[in-house]
Structure formats: structure tokens, C-alpha cells
Amino acid sequence: MVTEPNNWGRFGPEDQRGTLNLLTGERVLAALAAAVTGQVLCLSMPVRRGGPRLRGRPEPQHFMSIDGADFAAGTRPVGAGLRMADDALIVSAHGTTTHMDALCHMWEGDQLYNGHPAAQVHSYGAKRCGIEQAGGVVARGVFFDVPRHLGLDHLPPEFRISGDLLEEIAPVGPGEVAVIRTGWPLVWDRSPEEYWSGQPGLAASAGRWLAERDVAVVAADNAAIGGLNPRQLSDEDLADDLHLILLHRHGVHLIELLWLEELSATGRSDFVFVAAPLRLQGGTASPLNPLAIL
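For the sequence shown, our numbering gives the first residue as 153, with consecutive numbering after it.
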């Protein structure tokens, strides 16, 4: 059992959804008021080879299983003029696409969030706290556009966003989604090697600040919510690890590798945030296509 402030037991001994429990019908209806123009923005990275990813993670593999050449070569029945194409996608759940982390993704000791046994995470999936427990997310999104606030295109790789800086930018409250822009995806097209030289991200103080405000989800455009060093690892010890603070201790789901440049260009500070992870039974994460309704 963790001893520092946490949400274990808060939503009942069997809880596997954490602060997503705060998305009551009343809060969802209140969140819809953040939509003013009805414009819809996609907040996900394109799923493609050659896109931003953690070093060492496999690229998405997208290939056609049936295409026009099959018909031209006569390897498919011609029928009465009806033709089709079909394809397949193989993708890592973490590190190569926009995705939501499940509460079973990271832990310390022998317990997942809320005291569920870590032994329930098997080679064939997690029997506790899998991504299928999350359900859909409809909430007020609060945008922390940190580079814009500081007059930068993107944060430098060594930059760590403090709780005080988040408080300076915007208030956020229970059941809301904190969406944090570092601008770091812009670096990829300039140089993958520069992208892998480190990454800006949240400091431990920012993780605790967000947890204290009872946010439902923390989402960011970097690869790990927290910052990374040139070895693509975090420098924090276990007490200050962002995934342990948010996922493990407070049950706050994390969304990583967002694309927030169009949202930044609007100058909006809040919006309706919508996301629906796949109901992947026992999954430690799910690819995601979040939307902002302005």
C-alpha cells in the first residue's frame, strides 16, 4: 500500500477507473458548455511510418492485404464489377502513436493502482485495471500552452514544467482534462536525432499539482508526460516518477503523443475534450484519436 497521498480506496475497493469516476453525468453536461463555435480539431498524430516515436519502439506497420493490382492480375474473382481493398495495421500500444495509458501500465512493488495484485498482469493481458475499464471520456479540456505562454515555439529538451508554472497559466478542477503542450513534436521534422536528444515535460511538482486538483486525465504532446534525458529515460526517482504519481497513486489516466499545434493556433484555453480508447481486453494502453470541440 502506498503511504503518500493517493486515491486508493476512494472510489471503492474494486475500483479500476480512478479519477474517470469523476466524469458524472452532471459534469459531462456542464463540460459541453465549453463548445462555442462547434469547430472540431483532431488532436492525434497521424499513424504512419517515419513519425515521432520513442527511440527503439517499432514503427507502425500498415500494409494492404487486397488491392487493385490483385484484380488486375486476376488473382481475385472478378464478379459483376464489384471490387474492394483491404488492409491491416500492426502498431505498438506505447511510444509510436497517440495513446491512452491504462492504470495497469506502471506500478511499484507488487500492487497496481488501488491495491490490485500486480500478478494479475499476465503475458496475455491484465485482469485488473486494463484499458477496457476506462470507457469514453467527455470532459472540459483545459489547455496549458506552455511555449506560447513563454513566447517560444517549443520548450528546450531540458525544460521541466513546474506546478507553479501550470498555476500561472490556468486553473483546472475536478473531472477536467489537463492538456499540456510542449511543442516538442515540431522538432521531429527538423531532426529525429534532435528529437531523441531529450524531451521537455512535467516536473514532479506539476504531477502533484494536477493530482491535488482532481483532474480526470493528464494529456500531453510529448512521449512520456514527464521529461526525458538523452537516453530516453526519466531522471526522477520512484517517489517523483510522473507515471507513479498519476497512474499508480492517484488513478489518473495519461494520454501521450498528442498533436496540439492547430489547437495552439486558435488561442483557446478551454474546449470540450472527447476520447474513446479501444475496448482492448486487458490492454496496457490503446491507440487514440482525441477530439477538441471548440
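All C-beta atoms, glycine included, are put in the ideal place defined by N, C-alpha and C.
Using CA atoms only, rank isn't needed, just tell me which of the options is closest to residue i.
{"i": "P439", "options": "L410, S421, V424", "result": "L410"}
{"i": "G202", "options": "P212, L195, R169, S196", "result": "P212"}
{"i": "G315", "options": "E345, E414, L354, G335", "result": "L354"}
{"i": "P382", "options": "E408, G359, L412, E346", "result": "E346"}
{"i": "P326", "options": "G161, L174, G164, T155", "result": "L174"}
{"i": "H301", "options": "A291, I313, V290", "result": "I313"}
{"i": "D341", "options": "P204, A187, L193", "result": "P204"}
{"i": "A358", "options": "G287, D305, F311, F215", "result": "F311"}
{"i": "R209", "options": "D219, S244, V426, H251", "result": "S244"}
{"i": "A511", "options": "L206, A237, T249, L241", "result": "Residue 511 lies beyond the stretch modelled for the chain, which goes from 153 to 446, so this question has no answer here."}
{"i": "F425", "options": "I321, A291, A322", "result": "A291"}
{"i": "H214", "options": "T249, G190, V180", "result": "T249"}
{"i": "G164", "options": "Y265, L394, P429, P157", "result": "Y265"}
{"i": "S421", "options": "N159, A186, P157", "result": "A186"}
{"i": "P198", "options": "L307, H306, H251", "result": "H251"}
Quick check: what's the CA-CA separation for residue i versus residue j?
{"i": "R333", "j": "W348", "result": "18 Å"}
{"i": "T418", "j": "L234", "result": "44 Å"}
{"i": "G267", "j": "R200", "result": "38 Å"}
{"i": "E178", "j": "E328", "result": "13 Å"}
{"i": "E319", "j": "D239", "result": "46 Å"}
{"i": "N441", "j": "L184", "result": "19 Å"}
{"i": "L255", "j": "V404", "result": "8 Å"}
{"i": "H257", "j": "R280", "result": "11 Å"}
{"i": "A391", "j": "P352", "result": "19 Å"}
{"i": "R162", "j": "S343", "result": "45 Å"}
{"i": "I321", "j": "F423", "result": "16 Å"}
{"i": "I407", "j": "E166", "result": "23 Å"}
{"i": "P308", "j": "E388", "result": "18 Å"}
By Cβ distance, which residues of its chain are closer than 6 Å to residue i, with the 5 residues on each side in sequence left out?
{"i": "G434", "result": "G277, A278, G282"}
{"i": "W259", "result": "A270, H400"}
{"i": "E414", "result": "L193"}
{"i": "V331", "result": "G293, F295, A371"}
Among residues of its own chain, excluding the 5 on either side of residue i, which ones have a beta-carbon nearer than 8 Å to its beta-carbon?
{"i": "S217", "result": "D238, D239, A240"}
{"i": "I397", "result": "A356, G359, R360, A363"}
For residue i, which residues in the same chain have their Cβ closer than 7 Å to its Cβ, ignoring the five residues on either side in sequence?
{"i": "R431", "result": "E284"}
For the ligand MG, any of its heavy atoms closer than 7 Å to the Cβ of residue i?
{"i": "G164", "result": "The ligand MG is absent from the structure shown, which contains no ligand whatsoever."}
Would the segment 162-177 and the segment 361-368 be scored as touching if the rule is three or more Cβ pairs under 8 Å? Touching, per the Cβ criterion.
Problem - Runs of alpha helix (DSSP H) wholly within the segment 264-329 (minimum 4 residues, chain order) - result: 298-302, 315-321
May I ask you to verify whether the segment 336-348 touches the segment 373-383, counting CB pairs closer than 8 Å and requiring at least 3? yes
Discussion item. Suppose only complete runs of 4+ residues qualify. What are the alpha helix (DSSP H) ranges in the segment 171-216, listed by chain order?
Written reply: Considered as a whole, the segment 171-216 harbours 177-183 as its complete alpha helix (DSSP H) runs of no fewer than 4 residues, in chain order.
Those runs of the alpha helix (DSSP H) which lie wholly inside the segment 410-444 and span at least 4 residues
Counting only runs of 4 or more, we get 413-418.
_Whole runs of the beta strand (DSSP E) within the segment 341-379, excluding any shorter than 3 residues_ = 369-372
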